[in-house]
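Taking it in order: structure first as structure tokens, then the write-up.
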Amino acid sequence: MTDTLDRATIEKAYARWAPVYDVVFGKVFERGRLASIEAAERIGGRILEVGVGTGISLPDYARTNRIVGIDISAPMLRKAAERVAEHGLSNVESLAVMDAKHLAFPDNAFDVIVAQYVITAVPDPEATLDEFARVLKPGGEIILVNHIGAESGLRKLSEQAFAPVARRLGWRPEFPWERLTAWQSRAPGIRFVERRPMPPLGHFSLIRYGKDAKASA
692 MTDTLDRATI EKAYARWAPV YDVVFGKVFE RGRLASIEAA ERIGGRILEV
742 GVGTGISLPD YARTNRIVGI DISAPMLRKA AERVAEHGLS NVESLAVMDA
792 KHLAFPDNAF DVIVAQYVIT AVPDPEATLD EFARVLKPGG EIILVNHIGA
842 ESGLRKLSEQ AFAPVARRLG WRPEFPWERL TAWQSRAPGI RFVERRPMPP
892 LGHFSLIRYG KDAKASA
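Each residue of the sequence shown is one higher than the last, beginning at 692 in our numbering.
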């Protein structure tokens with residue numbers, strides 16, 4: 692099965708999702724969002740949220756943190772900007788349209804990188820994770836919330852069958868855990884911290900990677 696998921700497809704998909712994203716996915720993904728924020732705030736400081744979307748998570752961060760949000764979808768970010776204004780979120784430094792594979796930030800710029808439901812929805816997950824590691828400060832963490840494909844059984848078959856439709860919607864349902872472990876094994880200074888199941892039905896995971904205090908980008 693081809694792994695093709697291109698930028699144009701993703702942008703079109705999320706432009707369609709923008710008006711209804713919060714209604715469709717708000718409650719479904721709430722536990723994962725809140726868990727990732729809680730994990731990020733154990734470190735705190737300057738936090739980059741990749742795939743910030745409509746900004747649904749932004750009001751839940753403590754105002755003591757400084758937040759930068761990026762997304763590939765301009766319609767999504769317009770919703771996020773409205774939310775920042777509505778809630779008076781002065782701790783949000785900026786929102787920008789940006790490709791997660793080509794982050795326009797210097798090395799070691801952030802204390803935490805948060806990416807909720809992102810890694811299965813980018814064309815090149817490994818290169819994207821490399822960028823996360825580059826802009827992360829030593830001692831910081833990458834926090835992912837993501838659907839991880841089943842290793843066997845009926846769910847694996849269902850994910851494989853649904854994959855062509857899912858790609859048109861902007862994501863990969865059959866994304867295997869082995870891709871993340873392979874990336875981490877070759878990423879200098881990056882260590883695995885935690886993986887724990889998240890709702891719905893434990894098909895999603897919160898995943899944490901730390902950057903060694905002495906690591907360089």
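Yeah, the Cβ is synthetic: ideal placement off N, Cα and C, and Gly gets one too.
- With three or more CB-CB distances shorter than 8 Å, the region 790-801 counts as touching the region 823-830.
- Of the candidates L768, L897 and A795, the residue whose Cα lies closest to the Cα of L786 is L768.
- The criterion of a C-beta distance shorter than 8 Å is satisfied by S896 and P888.
- Counting along the chain, the unbroken beta strand (DSSP E) around D762 starts and ends at R757 to D762.
- Approximately 16 Å separates the beta-carbon atoms of G779 and G760; this is outside 8 Å, ruling out the contact.
- If you ignore the 5 residues before and after L725, its C-beta comes within less than 7 Å of the C-beta of D751, all in its own chain and listed in chain order.
- The beta-carbon distance between V805 and I738, rounded to whole angstroms, is 6 Å. This is short enough to meet the 8 Å contact definition.
- The alpha-carbon of G742 is positioned some 20 Å away from that of I734.
- For Q875, the closest of L820, A904 and V836 by C-alpha to C-alpha distance is L820.
- Taken in chain order, the whole beta strand (DSSP E) runs of length 3 or more contained in the region 747-816 are 757-762, 783-788 and 801-807.
- If the five residues before and after A765 are omitted, its C-beta is found closer than 7 Å to the C-beta atoms of V788, all from its own chain and listed in chain order.
- In the structure shown, the three-state DSSP call for G723 is helix.
- Contact check for K902 against A824 passes: the beta carbons are separated by less than 8 Å.
- Taking every protein chain shown into account, the CB of P879 has fewer than 16 other CB atoms within 10 angstroms, so this residue is exposed.
- By the C-beta density criterion, T811 is buried, having at least 16 other C-beta atoms within 10 angstroms.
- Cβ neighbours of V803 within its own chain (closer than 6 Å, five residues either side excluded): A731, I734, I738, G831 and E832.
- Counted as a single uninterrupted DSSP element, the beta strand (DSSP E) harbouring R899 occupies residues F895 to K902.
- Shortest Cα-Cα distance from N782 to any of I763, A753 and A771 involves A753.
- The distance from the Cβ of P814 to that of R870 is about 13 Å, inconsistent with a contact at the 8 Å cut-off.
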